[in-house]
Structure formats: structure tokens, C-alpha cells
Amino acid sequence: RLAGFISDAKGMVFDCDGTLLDTMPLYYESWKRACDEVGLQFPVERFYAMAGRPVGDIFATLIEEQLLGSGGNEESSETESPQRKMPIVTPEYCEDVKRRHHAA
């Protein structure tokens, strides 16, 4: 039955991401670079624990925990506040990030 289906097919699509290929280490490297740029910590153990969650939820959680949930305005004179490192996200900024990190 499957052979008949395959022989009549005009094309096939394979979802190899995570099924046939372990691409999580590649995704982690992308996440790590993005988080480093804005001063967020994202250890690999946490990355795997949050696997499957929507990207926006992951960023919202990290920002809430590390930037907004700091409990006040205590700033060390020796270190810059992570909030100051956060870029203002505009369409132009998004295009720039996409251009700089686009994998050919």
C-alpha cells in the first residue's frame, strides 16, 4: 500500500530537524550568541529544559527573570546594568540582526 502511494507521489517532504538530525546544538549556539549580545544568561541545561516552548515565551521568561525580576534598582558601580545593554527593538534592528546572523 505504501509503495503505491510513493510511486504516485510527485514529491516528498522530510522533516529531518530533530528527527533524523540532532540540530539542538546548532540552535543552542544561536541562542547563546543572541543572549550574550543583550546580557542574558542561558546555560545549556536551561536551554534543553525549555525545548519545545515558543521562542517568545523563552525570551519573555529570561527577560523577566534576569532583567525585570532583579528586585529593584541596585546597581554595582563596577558593572553595567543589563537593561542598558538591551537594544531598542525596531524593524531596522531586526533586519540588521537577520542580516548579520543569516546562515547561507
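Note that the numbering used here has the sequence shown beginning at 2, numbered continuously upward. Beta carbons: idealized from backbone N, C-alpha and C, even for Gly. Model, not experiment: these values are computed from the prediction.
With contacts defined by Cβ atoms closer than 8 Å, Cys95 and Leu63 do not form a contacting pair. In the DSSP annotation of this structure, the continuous segment of the alpha helix (DSSP H) that includes Phe60 starts and ends at 56-64. Less than 8 Å divides the Cβ of Ala52 from the Cβ of Met25. Ser31 is the residue among Cys17, Ser31, Gly5, Lys11 whose C-alpha sits nearest the C-alpha of Val98. Annotation for Ala50: the continuous alpha helix (DSSP H) segment containing it runs 45-50.
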